[in-house]
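Protein chains in written order, with the working numbering: chain U, 796 to 965; chain E, 34 to 464.
Set out below in structure tokens:
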């Protein structure tokens, strides 16, 4: 649901830029924050606020890797697999997480809890190997630390009430 | 311990806040700039300092500023903080730990170039860095350091922090502008250059985060002091992101012209090769820089010396490969990056990076033919100088240099069906 409040945030952003169209990227970040991914309703809302066509907004949304075109798990784990992390065994880390979570890279667990992805260089090369959980860094990740991380995330996810939807932060 | 300039005070608790930054001399440089210098004199000052861009191209900063077209169109400054070159993580550190130094640099540069609207384009994946920079900008507004009539002068500036959303190509200056304007990040034809036709059609200066963060120190320390560091054509210090097979990877600030050997082996810095293995290769400027063999370990880390050695200073990301690294697999990994990040606009890069990856993959996994090695070189020559922007050229660097230095390792894969060194060699199976 793209609330009136979210749309107002988009309008405020558009007013900051010399040309309103420049706000399409931050507006899409708002859509993803609220909906979890770029929904058709989200595209519609951005188009409406910025006076663009839905196709135009979608052309921007599909260019950038951070905007998800499909729903993801509650915890999106992105493991860097570019050269500096490769040299510090990120491949072993990814394989380990695939086994632990029971999915292949790129997939979401059936319970909707985790999405595991490999991504390009995350600018954390001196603390390789690294991953991000929902855009926050976890660095110098050993296999033991990876297991401890999933244990902690499992605890956090199980502590949430089963019926609660993801918080809508406005 | 050599003098630190851009990382001075970076570990002082709370230095990311205006209060502590100010206590340590922060924004005195801005006050000096606005009160003692006319904008054009500041441009001359930075020209004399010899400061060169710290993003990758190393273009002289003052000269870039002087290229701004003199017309009636609104001018813009954009800080390129879209740090995405594999191996590089220095701008992130500056933004997360001492964002006010960047903000101060942005204001100084904008004042020098008579610019009233500045953008800081922060890579989307750096959420904490963006938060720190946004907070610093807000603190600066609240203290009258940004906004109308800065420090009581008649100079006004607006600063907008803009987050990217995942695209290496948007670190290329013309793609960055396209992205800021709300389009897909495709590069633009140059000329015209940003200084003439840039953001929203107006004259635009685009500078790297570290470059801008260096300005306050140059203002306060002066030309004689700043030019006492570095070499004749590469003045000052810079941050090197040291990664790969070293004992102590990290961001290290060193004077330009420091020997590469010191960065890798000195106890204050890299501390030597991980596991005390032999050095095999060095990539001195991020994955877009040609690979150097271990025999180049005494190269001095300045723009001219690295170029003379056959590579480029680039982003200052020094990646170290040890003797157990399969060079074909490492090059494959780097090439996958360019394939994934190619924007798709031009055929040589879009198709070329795809085919380079396919051929490297079959070489690595034991299905390659001897002709594949020359095929790689042929595709590279169809990309180099023939693609729309430097991403295509960057994709060819590791392959061309890798074949030149380690051809026998490529041939080994063809003859034996597996790696010569590394995991793949041990079992006679591809890694």
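Every residue gets a Cβ at the ideal spot worked out from N, C-alpha and C, and that includes glycine. Everything numeric in this text was worked out from a predicted model, so none of it was measured.
Using a 10 angstroms sphere on the CB of residue 186 of chain E, the tally of other CB atoms stays under 16, which defines it as exposed.
Rounded to the nearest whole angstrom, the C-alpha separation of residue 244 of chain E and residue 944 of chain U is 37 angstroms. Closest in C-alpha terms to residue 455 of chain E, from the list E:330, E:134 and E:362, comes E:362.
Inclusion of residue 98 of chain E and residue 238 of chain E in the CB contact set at 7 angstroms is warranted, their separation being smaller than that value. For chain E, the residues of the segment 859 to 884 of chain U that bring a beta carbon within less than 7 angstroms of one of its beta carbons are 859, 860, 861, 862, 877, 878, 879, 881 and 882, in chain order. In the three-state scheme derived from DSSP, where H, G and I count as helix and E and B as strand, residue 871 of chain U is classed as strand.
Boundaries for residue 47 of chain E: no beta strand (DSSP E) harbours it, and the DSSP string shows neither H nor E there.
The segment 117 to 130 of chain E and the segment 877 to 885 of chain U touch, with no fewer than 3 CB-CB distances between them shorter than 8 angstroms. Interface residue (Cβ-Cβ distance to chain E less than 7 angstroms): residue 834 of chain U is not classified as such. The continuous alpha helix (DSSP H) containing residue 386 of chain E extends over residues 380 to 397. Residues of the segment 85 to 96 of chain E with a C-beta atom less than 9 angstroms from some C-beta of chain U do not occur. Taking each of E:209, E:228 and E:149 in turn and checking the Cα distance to residue 182 of chain E, the smallest one comes out for E:149. Taken atom to atom, the span from the alpha-carbon of residue 343 of chain E to that of residue 366 of chain E is near 22 angstroms. A direct Cα-Cα distance of roughly 7 angstroms separates residue 825 of chain U from residue 801 of chain U. According to the DSSP assignment, residue 912 of chain U belongs to the beta strand (DSSP E) that extends over 909 to 914. Only exposed fits residue 953 of chain U, as fewer than 16 other CB atoms lie within 10 angstroms of its CB. Less than 7 angstroms divides the Cβ of residue 215 of chain E from the Cβ of residue 819 of chain U. Among the CB atoms of chain E, one or more fall inside 7 angstroms of the CB of residue 921 of chain U. Look at residue 917 of chain U: its C-beta is under 7 angstroms from a C-beta on chain E.
Taking 7 angstroms as the upper bound on Cβ-Cβ separation, chain U lies near residues 363, 366, 367, 370, 373 and 374 of the segment 363 to 385 of chain E. Residue 147 of chain E has its alpha-carbon roughly 42 angstroms from the corresponding atom of residue 413 of chain E. Bridge pairing for residue 191 of chain E: E:150 [DSSP]. Listed along the chain, the chain U residues whose CB falls inside 8 angstroms of the CB of residue 354 of chain E are 882. Taking 7 angstroms as the cut-off, the Cβ atoms of residue 196 of chain E and residue 163 of chain E count as close.
Under the Cβ criterion of 7 angstroms, residue 35 of chain E is not counted among the residues facing chain U.
Chain order gives the chain U residues near residue 117 of chain E as 915, 916 and 918, where near means a beta carbon separation below 8 angstroms.
Distance from the Cα of residue 35 of chain E is smallest, within the candidate group E:168, E:72, E:201 and E:299, for E:299. For residue 227 of chain E, no CB of chain U lies under 7 angstroms from its own CB, so it is not counted at the interface with that chain.
Nearest C-alpha to residue 51 of chain E among E:174, E:364, E:100 and E:95: E:174.
Below the 8 angstroms Cβ cutoff, chain U contributes 813 and 814 as neighbours of residue 233 of chain E, in chain order.
930, 931 and 932: these are the residues of the segment 928 to 941 of chain U whose beta carbon lies less than 8 angstroms from some beta carbon of chain E, given in chain order. Judged by their CB atoms, residue 232 of chain E and residue 210 of chain E are nearer to each other than the 7 angstroms cut-off. Two segments are said to touch when three or more pairs of C-beta atoms, one from each, lie closer than 8 angstroms; by this definition the segment 268 to 278 of chain E touches the segment 343 to 359 of chain E.
Contact between the segment 891 to 903 of chain U and the segment 284 to 302 of chain E is absent, with fewer than three C-beta pairs closer than 8 angstroms. Contact between residue 415 of chain E and residue 385 of chain E holds, with the beta-carbon distance rounding to 6 angstroms and staying under 8 angstroms. Contact annotation: the segment 866 to 875 of chain U touches the segment 921 to 935 of chain U, with at least three C-beta pairs closer than 8 angstroms.
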